[in-house]
Each structure stands twice: as structure tokens, then as C-alpha cells.
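J.:
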Amino acid sequence: MSEQSSPSSRKKGIFSRIFSRISMIIATLVLSLLLSILLEWIGIAFWWSEQGHLHSQNMMLTEMQWLSNDFTQSIFTRSSTDLATNIIANMHYWIFVKTGIQDWLANPGSTSVERWIYHYGRAYIESIIYVSIVFVIRLIIIAFTSPLFLFAGVAGVTEGLMMRDIRKFGAGRESAFIYHHARRYVMPLMITSWVVYLSLPFSIHPNTILVPSALLFGLMICITSATFKKFL
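Residue numbers (numbering that gives the first Met the number 0): 0 to 231.
1. Does the Cβ of Tyr92 have 16 or more other Cβ atoms within 10 Å, making it buried, or fewer, making it exposed?
2. With DSSP collapsed to three states, give me the class of Trp278.
3. Can you list, in chain order, the residues of its chain whose CB lies under 6 Å from that of Arg16, leaving out five sequence neighbours each side?
4. With H, G and I counted as helix, E and B as strand and the rest as coil, what does DSSP make of Asn106?
5. Quick check on this structure: which residue in Arg137, Arg163, Val195 has the alpha carbon closest to the alpha carbon of Cys221?
6. Within 10 Å of its beta-carbon, does Glu62 have 16 or more other beta-carbons around it, so buried, or fewer, so exposed?
7. Alpha carbon to alpha carbon, how far is Gly217 from Ala154? Give it in angstroms, no decimals.
8. Of the residues Glu49, Phe134, Val210, which one's Cα is nearest the Cα of Ile36?
9. Just to confirm, are Ser126 and Ser55 a CB contact at a threshold of 7 Å?
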């Protein structure tokens with residue numbers, strides 16, 4: 000019975016791991032979006048109250064310019080600018096037009112309550128739309144720069160296995176402590192860089208965050224591969 004159930008349990012284990020990874024990525028994206036909206040609201044309340052929703056609008060224009068100028072090459076069939084333009088157009092239609100927000104902003108109403116909501120809430124409501132568009136632009140940039148993490152990981156594995164072979168045929172010492180700790184930080188390092196980049200309430204060039212994160216990602220994989228046990 001145990002021998003027959005072992006293949007099915009392995010399949011369940013693989014599927015559960017894939018499902019947990021997908022769930023973790025979705026939860027990370029939702030958390031990053033909510034955090035970016037919250038930080039933008041805090042900024043409107045305390046730091047850039049005079050700019051209001053224009054702060055997030057300027058952020059959107061800056062991020063879009065970086066996307067169109069610095070990420071022209073793509074491993075996909077469509078360019079990054081075309082993809083972002085189509086997604087933003089659909090978002091504008093479903094969030095702005097379909098919900099009636101665009102009509103409400105053009106004609107807020109004549110009652111005192113509606114005027115009050117329009118006066119104090121417009122910046123926060125419009126900032127949600129622009130922050131969501133910035134979030135999508137940054138997510139597209141992460142998708143287009145994903146080969147950077149892949150190449151860093153491959154380089155880390157190659158260098159790490161070479162160092163492991165040198166240690167294996169030499170007099171190198173085993174260190175399970177370093178191996179387990181380096182392995183533990185591989186995925187959190189990449190996820191943390193995504194959360195930080197997606198949630199920043201100001202514009203910063205993607206290379207400032209993603210390139211160092213990819214290098215650290217490759218370094219952790221290199222250390223993990225190099226400190227893997229000598230004999231299986």
C-alpha cells in the first residue's frame with residue numbers, strides 16, 4: 000500500500016508546491032499594490048498635499064518614459080510599449096469609464112455632500128487609478144527583466160558547482176549552516192526586491208533596484224551550490 004501510494008503522494012507534493020508558489024506570488028502582488036496605494040495616500044496627506052493626484056500622474060509619465068526608452072528589446076513577440084499601452088487603455092476603460100468615475104469627476108454633483116467628497120476625496124480617488132497604472136508598468140518591467148534573474152541564477156549555479164568540485168576533490172570543509180541559510184534567503188531576496196520596487200511612492204529607475212537584487216540573487220545561489228554536501 001505504501002509503495003502504491005508513494006507516486007500519488009509525490010504528485011500531490013509537486014502540485015501543492017506549485018500551487019503554494021503561485022499563491023505566494025499572487026499574494027505578494029496584491030500586498031504590493033495595496034501598500035503602494037497606502038503610501039501614496041500617506042504622501043498626499045502629509046508630504047505632497049499641494050500636488051495631490053498630480054504626484055502619481057507624474058510618476059506614471061516618468062515610468063512610462065523609462066519603459067519606452069530603456070526596455071525596447073523584448074523576448075516576447077510584442078514590444079513593451081505596445082503591451083503597456085494596451086493594458087493601460089483597458090485599465091482606463093474598466094476603472095475610469097466603466098465604473099462612472101470619469102463622469103463623476105467631470106460632473107461631481109450639486110449637493111454640499113457631493114461637493115465636499117469631490118473636494119477632499121478627488122486626489123485620493125484619482126491617485127488609486129494612477130498608482131494602479133504605475134503598478135502595472137512596473138510589473139511589466141519586472142517581466143521584461145526576468146531574464147536578468149535567470150542569467151544571474153545560471154551563473155551562480157555554474158560558479159557554485161565549480162567551487163563545490165574544487166572543495167570536493169580538495170580538503171574543503173562542509174558547512175551545512177551556510178548552505179541552509181543561503182538557500183533560505185534565495186526566494187525571499189527576489190520577492191522582497193519586487194515588493195520594494197512595486198511599492199515605492201516615488202519614481203526610481205528599475206536598474207537601481209533590480210540589478211543589485213539580481214546580483215545578490217545569483218550570489219545566494221552560488222553560495223548554496225558551493226556549500227552543497229560533497230557526497231550524495
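Just so it is clear, CB atoms sit at the ideal spot from N, CA and C, and this is done for glycine as well.
T.: By the coordinates alone:
1. Residue mapping note: residue 92 aligns to position 93 of the sequence shown, counting from 1. Counting Cβ neighbours within 10 Å, Tyr92 comes out exposed, since fewer than 16 surround it.
2. In the structure as shown, the chain begins at 0 and stops at 231. Residue 278 is therefore absent and cannot be evaluated.
3. Translated into the one-based positions of the sequence shown, residue 16 becomes position 17. Within the same chain, Arg16 has no close Cβ partners at all.
4. What you label residue 106 is simply residue 107 of the sequence shown in a count that begins at 1. If DSSP states are grouped into helix, strand and coil, Asn106 belongs with coil.
5. Position 222 of the sequence shown, counted from the start, is the residue given in the question as residue 221. Closest by alpha carbon: Arg163.
6. Taking the first residue of the sequence shown as 1, we reach residue 62 at position 63. So Glu62 ends up on the buried side.
7. Numbered from 1 along the sequence shown, position 155 holds the residue referred to as residue 154. Numbered from 1 along the sequence shown, position 218 holds the residue referred to as residue 217. C-alpha separation (whole angstroms): 7 Å.
8. Locating residue 36 in the sequence shown gives position 37, counting from the first residue. Per the Cα distances, Phe134.
9. Numbered from 1 along the sequence shown, position 127 holds the residue referred to as residue 126. Numbered from 1 along the sequence shown, position 56 holds the residue referred to as residue 55. Yes; because the gap between Cβ atoms is below 7 Å, this pair is in contact.
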